[in-house]
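So the protein sequences, as listed, match chains P and U. Taking UniProt numbering, the leading residue of the first sequence gets 1, the next gets one more, and so forth. Taking UniProt numbering, the leading residue of the second sequence gets 1, the next gets one more, and so forth. Virtual Cβ for every residue (Gly too), placed ideally from N, Cα, C. Following: one structure in structure tokens, then a few remarks.
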Amino acid sequence: MPATRDLIPYAEYSSPDLSKKLTVDATLTHSTNGKTTGPSDHVLGAGAVDNDKPSEAKSSRLGALRGMLTTLQDDVNEFLTQRMKDADAAHTRAEEEADLERRVLDDGVDEDDED
Amino acid sequence: MVQLDLHAKPGKDYYLSIGLEGSANKLGVGIIRHPLGNLTPTNKAEVLANIRDTYITPPGEGFLPRDTARHHRNWVVRLIKRALHESGIRGTQVDVICFTQGPGMGAPLQSVVVAARTLSQMWEIPLVGVNHCVGHIEMGREITDSQNPVVLYVSGGNTQVIAYSRQRYRIFGETLDIAIGNCLDRFARTLKISNNPSPGYNIEQLAKKGKNFVDLPYTVKGMDLSMSGILEYIDNLANDLFKGKKNKILMASSGQITVEDLCFSLQESLFAMLVEITERAMAHVNSNQVLIVGGVGSNVRLQEMMAIMVKDRNGSIYATDERFCIDNGIMIAHAGLLAYRMGQVTELKGSVCSQRFRTDEVFVEWRD
Numbered sequence: 001m002p003a004t005r006d007l008i009p010y011a012e013y014s015s016p017d018l019s020k021k022l023t024v025d026a027t028l029t030h031s032t033n034g035k036t037t038g039p040s041d042h043v044l045g046a047g048a049v050d051n052d053k054p055s056e057a058k059s060s061r062l063g064a065l066r067g068m069l070t071t072l073q074d075d076v077n078e079f080l081t082q083r084m085k086d087a088d089a090a091h092t093r094a095e096e097e098a099d100l101e102r103r104v105l106d107d108g109v110d111e112d113d114e115d
Numbered sequence: 001m002v003q004l005d006l007h008a009k010p011g012k013d014y015y016l017s018i019g020l021e022g023s024a025n026k027l028g029v030g031i032i033r034h035p036l037g038n039l040t041p042t043n044k045a046e047v048l049a050n051i052r053d054t055y056i057t058p059p060g061e062g063f064l065p066r067d068t069a070r071h072h073r074n075w076v077v078r079l080i081k082r083a084l085h086e087s088g089i090r091g092t093q094v095d096v097i098c099f100t101q102g103p104g105m106g107a108p109l110q111s112v113v114v115a116a117r118t119l120s121q122m123w124e125i126p127l128v129g130v131n132h133c134v135g136h137i138e139m140g141r142e143i144t145d146s147q148n149p150v151v152l153y154v155s156g157g158n159t160q161v162i163a164y165s166r167q168r169y170r171i172f173g174e175t176l177d178i179a180i181g182n183c184l185d186r187f188a189r190t191l192k193i194s195n196n197p198s199p200g201y202n203i204e205q206l207a208k209k210g211k212n213f214v215d216l217p218y219t220v221k222g223m224d225l226s227m228s229g230i231l232e233y234i235d236n237l238a239n240d241l242f243k244g245k246k247n248k249i250l251m252a253s254s255g256q257i258t259v260e261d262l263c264f265s266l267q268e269s270l271f272a273m274l275v276e277i278t279e280r281a282m283a284h285v286n287s288n289q290v291l292i293v294g295g296v297g298s299n300v301r302l303q304e305m306m307a308i309m310v311k312d313r314n315g316s317i318y319a320t321d322e323r324f325c326i327d328n329g330i331m332i333a334h335a336g337l338l339a340y341r342m343g344q345v346t347e348l349k350g351s352v353c354s355q356r357f358r359t360d361e362v363f364v365e366w367r368d
């Protein structure tokens, strides 16, 4: 499919501490069934049968774009999920450090543990 | 008299509109045709296509935003194609693309508006954002030819008694907590009955077999009503029934109360409350017409009970069948086209959806 490769999506992320460009390898084959775009685990656990799958990508320009977009969406989802996890972990660490400082400054007397 | 044709295209004696609805678990696409001139019983709107696909969850489960949005995203293009095919028109022939702007669930609304924006840019056709409740009211009026009714809007997410006054649909009474459809759906989950075609429909079928009435709380608060307490009460009764716990409320003279009796009692109690506030609204605004819209409006027992009250007042009752009662795209196409004919359009940057969008926020420019 030579003429189908002219529509290639990408995504850009920028925040004060990080800029990132996410791209798709157009030489690979991409499916419309993404890793992160399926039904939620909750409904699958409740016995749901998935009748709402996206249609297969056609071998057209737009079909190829749909497949690549699904892959890109997966990458964006995984990237952002990881960012949120990192932010959560950093927040927890900062709280633990603040807690340590408070205990040192209070001469190791933890008021909560007095009795 | 309102002028509806100031924005008509020269040389064309009709308008075409496509509507996309996805504020809850139904995805709807509708295509409507309006002739020039005011809509009257002899100059009516014509439904060219009205297609719906419902996201159905396993018994005992409600529909979650993420999975509902996924259903809409994955079906919307296929439904639009089917609607265009059925109506026999090309997409570029429509005058306006209408979408539900709110109220509703955020993620499903968002996934449908993306489709509307895409069509608008692809075909270079203006967008109109539509209030979901106003869509129900306008479609109900068009189908039933009711002039100026008191509107009872009852669905899974909304319960309102509405009357028109000075270019607004004004809310006379509403639920203080959960919607009536939500109350019925959640009781269906407690009973673990099927969500196909809809939990409310299955409760209605069970209720037909109920014989004994169980007293439930009756919670009309002025013009408003409250339903969460009733749900809690009947949920407890159902759980006692399933566990075989002794409960004297569950004993009737003819024997044990059944699930069917509970469904029957719940419907009778809730609908009696609706009839009461609707009747009071009719007296307030001096109207003798009632129009029932929204998914719960397709419940035949509700229509019957309302008809008894309306007959007492020498009035008339208007209701539609499931094609127009239950969420659909055609009502969005219709209400959006009315706004478009008055020159209202929604710019791309103003097409953000909102979960909260009250009926009385809409300027009803197309009515006197």
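Cβ of residue i within 8 Å of any chain P Cβ
i: U/H85; result: no
i: U/L270; result: no
i: U/D185; result: no
i: U/D67; result: yes
i: U/L64; result: yes
i: U/W75; result: yes
Residue range of the alpha helix (DSSP H) that includes residue i
i: U/D5; result: Careful: U/D5 lies outside any alpha helix (DSSP H) and carries neither H nor E.
i: U/I125; result: Where U/I125 is concerned, there is no enclosing alpha helix (DSSP H), given that its DSSP letter is neither H nor E.
i: U/N182; result: I180 to L191
i: U/T159; result: Run containing U/T159: none in the alpha helix (DSSP H); it sits in the beta strand (DSSP E), T159 to S165.
i: P/Y10; result: Segment Y10 to S15 is the beta strand (DSSP E) holding P/Y10; no alpha helix (DSSP H) there.
i: U/S269; result: V259 to V285
i: P/L44; result: D41 to G45
Contacts around residue i, its chain only, beta-carbon distance under 6 Å, and the 5 residues preceding and following it disregarded
i: U/I203; result: L184, A188 and C263
i: P/V24; result: M68, T71 and L72
i: U/E86; result: A49
i: U/F242; result: none
i: U/D235; result: T190
i: U/R33; result: Y14, L16, E46 and L48
i: U/I143; result: T320 and F324
i: P/A57; result: T32, G63, R66 and G67
Same chain, Cβ closer than 8 Å to residue i, neighbours up to 5 away in sequence not counted
i: U/G37; result: L4, D5 and N43
i: P/F79; result: Y13, K20 and L22
i: U/M1; result: N38 and D368
i: U/Y169; result: C133, V134, I137, V151, I162, A163, T359, D360, V362 and V364
Cβ shell of residue i (< 7 Å), same chain only, five flanking positions each side left out
i: U/K26; result: R52, T54, I326 and D327
i: U/W75; result: L27 and D53
8 Å Cβ cutoff, residue i in contact with chain U
i: P/T4; result: Since pLDDT at P/T4 reaches only 46, below the 50 mark, its modelled position is unreliable, and no value is offered.
i: P/A46; result: yes
i: P/T37; result: yes
i: P/P54; result: yes
i: P/H91; result: no
i: P/H30; result: no
i: P/M1; result: Here the model assigns P/M1 a pLDDT of 43, short of 50, so the residue's position is not dependable and the matter cannot be decided.
Residue j beta carbon less than 8 Å from that of residue i
i: U/I332; j: U/E21; result: yes
i: P/A11; j: P/V76; result: yes
i: residue 377 of chain U; j: U/I178; result: Outside the displayed range of chain U (1 to 368) lies residue 377 of chain U, so it cannot be described from this structure.
i: U/N288; j: U/G315; result: yes
i: P/D6; j: P/R66; result: no
i: residue 375 of chain U; j: U/A24; result: For residue 375 of chain U there is no data in the structure shown, the boundaries of chain U being 1 and 368.
i: residue 369 of chain U; j: U/F172; result: The requested residue 369 of chain U is not part of the displayed model; chain U covers only 1 to 368.
i: U/S155; j: U/G329; result: no
i: U/M273; j: U/L237; result: no
i: U/H132; j: U/G104; result: yes
i: U/S265; j: U/G210; result: yes
i: U/G28; j: U/P65; result: no
i: P/P54; j: U/D67; result: no
i: U/H7; j: U/G343; result: yes
i: U/M305; j: U/I317; result: no
i: U/V130; j: U/T100; result: yes
Segment limits, beta strand (DSSP E) that includes residue i
i: U/Y15; result: Y14 to E21
i: U/Q101; result: V96 to G102
i: U/G343; result: It is not in any beta strand (DSSP E) - U/G343 carries neither H nor E in the DSSP assignment.
i: U/Q147; result: Counting along the chain, U/Q147 falls outside any beta strand (DSSP E), and DSSP gives it neither H nor E.
i: U/T54; result: E46 to T54
Legend entry - Stretch-stretch touch, CB-based, cutoff 8 Å, three pairs: the region 296 to 308 of chain U with the region 242 to 254 of chain U: no
Legend entry - At least 3 beta-carbon pairs within less than 8 Å: the region 114 to 129 of chain U vs the region 85 to 98 of chain U: yes
Inset, instruction - Evaluate contact between the region 55 to 68 of chain U and the region 129 to 148 of chain U, counting only Cβ atoms and requiring at least three cross-stretch pairs below 8 Å. - result: no
Inset, instruction - Could you tell me whether the region 189 to 196 of chain U touches the region 59 to 71 of chain U, using the rule of 3 or more Cβ pairs below 8 Å? - result: yes
Inset, instruction - Count the CB pairs spanning the region 43 to 50 of chain P and the region 86 to 98 of chain P that are closer than 8 Å, and state whether there are at least three. - result: no
Inset, instruction - Kindly confirm or deny that the region 216 to 235 of chain U and the region 257 to 271 of chain U touch, where touching means at least three C-beta pairs closer than 8 Å. - result: yes
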